[in-house]
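The structure under discussion appears below in the form of C-alpha cells.
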Amino acid sequence: MIDYKNELNPAQYDAATTLEGPMLVIAGAGSGKTRTLVYRLANMIEQGVSPHEILLLTFTRKASQEMLQRAAELLGQSVGNITGGTFHAFAYSVLRQNPPAEYEGSLSIMDSADANGALKYCKDTLAIGKGDKSFPKIQTVMGMLSKSRNKEMDLHDILRREAFHLAAYRDDIANIGSEYEQYKAQHGLLDYDDLLFKLEQLLTVNKEVREYYQQRFKYIMVDEYQDTNLVQARIVRLLAGGHGNVMAVGDDAQSIYAFRGANVQNILDFPKLFAGCKMVKLEENYRSIQPILDLTNSILAEAPQAFQKNLFSNKKDGRKPEVLIPLSDLTQAKMVVDKIGKLRKKYKNKEIAVLFRAGYQSYHVEMQLNKLGLKFRKYGGLKYSDAAHVKDVMSYVRLLMNPLDLPAFHRLTANIKGVGPKTSIRIYEATQAEDPNKLKKALVRYPELREDLDLVDSLRRQRLEPVELLEEVLAHYKPKLKTIYPDDYPRREHGLEQLVQIASGYSDIELFLSDLSLEDPTQRQEEEEQDLITLSTIHSAKGLEWDAVLIIDLVEDRFPSRHAVQKADEFEEERRLMYVACTRARKYLGLFVPSSLYARGTGGNEPAIPSPFVRDIPGSLYEEWRENYSGTVTQTARPTSTPPHRTPQKNGAKAPAPSTSGAATSSVSGGKLGHCTHKIFGRGKIIQHLPPDKYRVNFPGFGLKVIMEAYLVMED
DNA sequence: CTGTTTACGATTTTT
DNA sequence: TCGTAAACAG
C-alpha cells in the first residue's frame, strides 16, 4: 500500500486523491507536479480504475511515458494500457480508428517541410508574387496562416496585429491559403493544425464516436495546460463532457507557446468551463535551493500574473547564482566549457545543462565541447526526421500508405536525374489519370522511376513488418545514397541504420510513421543510459531539471529575441521563458552575459547590451564574475548593500562592458543616463551613449533604437 | 526544363 | 555560417 498522506504534502495529497469531478492544479515550477500526477495515477489503479479508462495528455510523449513508468515503479506492477501522449498523437490515433470518409485509404501527416513545400507549390500554381521581391517569404506566409488558424482569428486581424507591413498582401495570402486547403484535401494530407481541428470536427459531428470516447475515458488528465490552444481546450471539453472527471495541470507563469497559438486564458477559464471545479495550488518548491528561487521570484515579480504564486524551499543554504561576463560571445564558449569542467567535479555530466534561446546559439559551445572530447546531447533545433535521407526513405513508405501523397512523390522523383518539379507533377498526374501512354513514356525515359514505382507497388502488395519494409526500401535506396549525397554519405548511412533500429520497436507501420513526425522517437533511444551533458533550447527543456544550469547569450537581441521586443505580450513571454530556464536549476545557476557579439557583417565585435532580464535582477541576489583581457576571471567587487530595486542603470557593475574594438562607446556606469522622449517613439530608457551624438534607447513597444541626440528630449 | 553557380540574406521557439 | 533564391548555361 502506498502511504499517500506521508509521501505527499497536503496540497499534493488533495490533488492525488480527489478523483471525481473537475480540478485545476496550479503547479509552480518544481512543486512536485509530476510526482502528484504519478501518485494520482497509482491511486486510480489502486482504486480499481481500469487503465483502459484513463487518458493522459502531455506535452511530449516522453513526459507521459516517464509518468507511467514511475507510477508502475510505485505500484510495483505495470500500470497497463493507459492512453498517453500528445494531443496531436492522440488526435491521429482517433482519426485513424474512425477515419472520416474523405480520408479513408489515404491519410498522411505533413511535417513542416512538407507543409512549406505545399504552400510554395500553391503560390507558384496561382502565380502569385512572381518577381515581387518584397513578397513575404513562404515561411512568413505559413506563419501568418497558421497563427490565424491557431488563434482562430481572421487573417486580416493577424496581419494587422503582427505584420502591419504585409497588409497589402492580405488577399494574396488568403488565396494561397485556400489553395493550400484544397491541395491538402486532394492529396489526403493533414498538417499539424488539421489533426486537432479534424478531431474536434469528428467528435462534434459524430455522436457515436463522441459518446464512445466520453464513456471510455472516465478520467482525463491534461498536463501543461497553460500551453494549450483554443481547439485543444474544446477537445478536452468534448471528451470530458459527460462526466467532468478532468484534471488540468499547469502554471500560467510558464506559458511559453503563445507564438504557436497557445492561450494562457485557457487555464484561467478552466474553472468557468467546468462548473464545480476544485482548485489546488502547489507552492512549495522541492527542486531548487532558496538562493536560486530568490532570483527566479525576482524575475517573476515584474510580470503580471493571474494566479499569485510564492515559491519557497526549505533548502535554505547554497551558493547564490552567478552572473558571468565573458568579453565576447566567442570567449563565452570557452568560459562555459571551463565552468562545465569545474562543475564536473561535483556533478555528473547528465546533471549539467546549457540552455539557450535559439538552436544556433549553442554552436560555439558545441565546438569547444568537441575539442575537449566532452560528449553532449542537443535538444531542440533540427529534428532527426528532418534529415533529408530519412525523409527520402520515408517517402517510399508514405507513398505506399497513401498513393495520393504528393509531397512524398516529389521527394521520390527529386532524386531521379533529369526530373525536376515540373516533370514530377506531370508524372504524378499521369499515374492518377491512369493514362497508360504518358506514364509509359515517362517510365521508358526514366528507368529509375520505374524501379521506384515498382518497389512501392510490390511493397503495397506484401504485408510487412516495419523493419522488413525498411530493409527492402534501404536495399533499394542505399546504393543511391552515394550519388545523392557524395560528401557525407557514410554519416547518413549510419543514420539510416538507426532508423531501422527505431522501426524494430514498432509493429504498426502507421504508428511508426506518425511517431516519426509527431514525436521524436530518437529521444527515447539514448535515454539517460549514457552520461551526457545536455544542450537544449529552453522550449525543449520544459519540464526537465538539472543540478547545474548554464544559460548563455543573455543580451539584447538574443534573449529576449530581437523579434520579441516589439510587442508587450511577446516581451512578457520572453520573460516567462527566462523564468522557465532559471527554474530548471537545482543547485547551481550560471547566467552568461557576453560583453560583445561577433558581428557577421563587419567581421568585428559589437558591444552587447545585457538582457533586461539580468539587468533587472537586484544585485544582492547573485555574484558576478568578469573575464579579463588576459583570459582570467575575477569576481566583481560590489556594494554590500542591496541596490534599490529596478534601477539597474545605477548599478555600475551591470553596465555594458567596454567595447573590445576601442573607445567607440562610453560606459553607462556613470549612472547619468536616464530617460528621454522621442517624437514618434515616446518615452524610453537610454541604454547607451554612442559618441559623439547618438544614443541607444529602449522604447517600450518599439524596442531598441539608435537615435541622434538632436531628435531626443532628455530628462534629467 | 533541369542542373549548376553565384549571390545574397538572414537567422525563434515546436507539434 | 548556412541555406535558399535568383541567374545562367546546357
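According to the UniProt record's numbering, the first sequence is numbered sequentially starting from 1.
Note that the Cβ used here is the ideal one computed from N, Cα and C, for glycine as well.
All values derive from a computational prediction rather than experimental measurement.
Compute the Euclidean distance between the alpha carbons of residue i and residue j, then round it to the nearest angstrom.
| i | j | result |
| --- | --- | --- |
| leucine 239 | lysine 278 | 19 Å |
| valine 280 | methionine 247 | 11 Å |
| isoleucine 2 | aspartate 14 | 15 Å |
| serine 659 | valine 593 | Unreliable placement is indicated for serine 659, whose pLDDT of 33 sits below 50; no coordinate value is reported for it. |
| lysine 478 | serine 504 | 19 Å |
| serine 561 | glutamate 179 | 33 Å |
| glutamate 448 | aspartate 154 | 46 Å |
| lysine 422 | threonine 537 | 39 Å |
| serine 458 | isoleucine 484 | 24 Å |
| tyrosine 213 | methionine 221 | 14 Å |
| leucine 8 | glycine 341 | 37 Å |
| glutamate 208 | serine 106 | 23 Å |
| glutamate 471 | leucine 532 | 31 Å |
| valine 249 | threonine 36 | 10 Å |
| alanine 42 | tyrosine 4 | 10 Å |
| tyrosine 629 | alanine 27 | 45 Å |
| glutamine 501 | glycine 177 | 38 Å |
Since residue i is in the beta strand (DSSP E), which residue starts that stretch and which ends it?
| i | result |
| --- | --- |
| isoleucine 54 | 54-57 |
| glutamate 709 | Per DSSP, glutamate 709 belongs to no beta strand (DSSP E) and is neither H nor E. |
| phenylalanine 376 | 376-379 |
| residue 724 | With the chain represented from 1 up to 716, any question about residue 724 goes unanswered, as that position is not in the structure. |
| valine 467 | No beta strand (DSSP E) contains valine 467, which is instead part of the alpha helix (DSSP H) from 466-484. |
| serine 561 | No beta strand (DSSP E) holds serine 561; DSSP gives it neither H nor E. |
With distance defined between alpha-carbon atoms, name the residue in the options nearest to residue i.
| i | options | result |
| --- | --- | --- |
| alanine 118 | Leu55, Ile128, Gly84 and Ile138 | Ile138 |
| residue 718 | Val580, His389 and Leu159 | It is not possible to answer for residue 718, since the shown part of the chain is limited to 1 through 716. |
| lysine 151 | Phe197, Thr86, Ile289 and Ala475 | Phe197 |
| aspartate 11 | Leu591, Lys33 and Asp569 | Here residue 11 is alanine; the residue named in the question, aspartate, does not match the sequence. With distances taken between Cα atoms, alanine 11 lies closest to Lys33. |
| glutamate 556 | Ile609, Tyr579, Asp194 and Arg170 | Ile609 |
| glutamine 201 | Phe274, Ile173 and Asn98 | Asn98 |
| tyrosine 598 | Leu295, Ser514 and Tyr363 | Tyr363 |
| tyrosine 192 | Lys272, Leu145, Glu53 and Thr632 | Leu145 |
| leucine 399 | Tyr428, Gly241, Ser611 and Leu374 | Tyr428 |
| serine 108 | Gly84, Glu66 and Tyr183 | Tyr183 |
| histidine 410 | Ala113, Gly543, Asp252 and Lys130 | Ala113 |
Using the Cβ count rule (16 or more neighbours within 10 Å means buried), how would you classify residue i?
| i | result |
| --- | --- |
| aspartate 508 | exposed |
| phenylalanine 164 | exposed |
| lysine 417 | exposed |
| asparagine 314 | exposed |
| glutamine 254 | buried |
| alanine 258 | buried |
| arginine 575 | buried |
| valine 337 | buried |
| alanine 101 | exposed |
| histidine 88 | buried |
| valine 713 | exposed |
| methionine 708 | exposed |
| glycine 671 | Annotation note: pLDDT 35 at glycine 671 (below 50); position unreliable, no value reported. |
Where does the unbroken alpha helix (DSSP H) through residue i begin, and where does it stop?
| i | result |
| --- | --- |
| proline 10 | 10-17 |
| methionine 367 | 363-372 |
| residue 753 | Nothing can be reported for residue 753: it is not among the residues displayed for the chain, which extend from 1 to 716. |
| proline 421 | 421-433 |
| lysine 278 | Here lysine 278 belongs to no alpha helix (DSSP H); instead the beta strand (DSSP E) covers 278-282. |
| asparagine 175 | 170-186 |
| proline 447 | 447-461 |
| isoleucine 292 | 290-301 |
Go through its chain and collect everything with a Cβ distance to residue i's Cβ below 7 Å, but skip five positions before and after it.
| i | result |
| --- | --- |
| leucine 199 | Ala91, Val94, Leu95 and Ile235 |
| histidine 187 | Leu404, Asp405 and Leu406 |
| glycine 276 | Gly21 and Pro22 |
| glycine 380 | Gly359, Ser536, Thr537, His539 and Ser540 |
With a threshold of 6 Å on Cβ separation, who are the neighbours of residue i within its own chain once the five nearest residues in sequence on each side are excluded?
| i | result |
| --- | --- |
| phenylalanine 59 | Glu224 |
| threonine 413 | Val419 and Ser424 |
| arginine 287 | Gly30, Glu545 and Arg586 |
| alanine 548 | Leu343, Tyr347, Ile352 and Tyr588 |
| lysine 438 | Ala430 |
| alanine 663 | Any answer about alanine 663 is weak, because its pLDDT of 30 lies below 50 and its placement is not dependable; what the coordinates show is given next. Closer than 6 Å at Cβ, skipping near neighbours: no residue. |
| histidine 645 | Because the pLDDT of histidine 645 is 40, which lies under 50, any placement of that residue in the model is unreliable, and the number read from its coordinates should be weighed accordingly. Within the same chain, histidine 645 has close Cβ partners Pro618. |
Grab me the residues of residue i's own chain with a C-beta within less than 8 Å of its C-beta, minus the 5 sequence neighbours each way, in chain order.
| i | result |
| --- | --- |
| glycine 318 | Ile289, Gln290, Pro291, Ile292 and Lys587 |
| valine 614 | Val323, Leu554, Leu591, Val593 and Lys654 |
| arginine 160 | Ala167 |
| asparagine 175 | Leu126 and Ile128 |
Would you check whether the ligand ZN has a heavy atom nearer than 7 Å to the C-beta of residue i?
| i | result |
| --- | --- |
| tyrosine 506 | In terms of ligand content, the structure shown is empty, and the ligand ZN therefore cannot be addressed. |
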